[in-house]
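Notes to accompany the following structure.
Structure, rendered in structure tokens:
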């Protein structure tokens, strides 16, 4: 009987330890009713000093914004601010 209680205590402690690990987090996302499609997204892109890649307007790119990702062909312009 004592071994069974000790075993249950160890199991409960094991569950508590693993419940706090980041590997056990669950993220659930979805679209709101008005978010059926993206039409315009204004963002400011900054090139790093070590970047030598040329990205042309209307070149197909994949953007990752938070949990969402989408493929688009951006059109670049000068930043007005």
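Residue numbers (this note's numbering): 1192 to 1272.
We treat Cβ as the ideally placed atom computed from N, Cα and C, and that holds for glycine.
Within the same chain, 1260, 1261 and 1263 come within 7 Å of residue 1254 by CB-CB distance, once the 5 residues on both sides are set aside. For residue 1253, the secondary structure class from DSSP, reduced to helix, strand or coil, is strand. In the three-state reduction of the DSSP assignment, residue 1262 falls in the strand class, which pools E and B.
Here residue 1200 carries a helix assignment [DSSP, helix/strand/coil].
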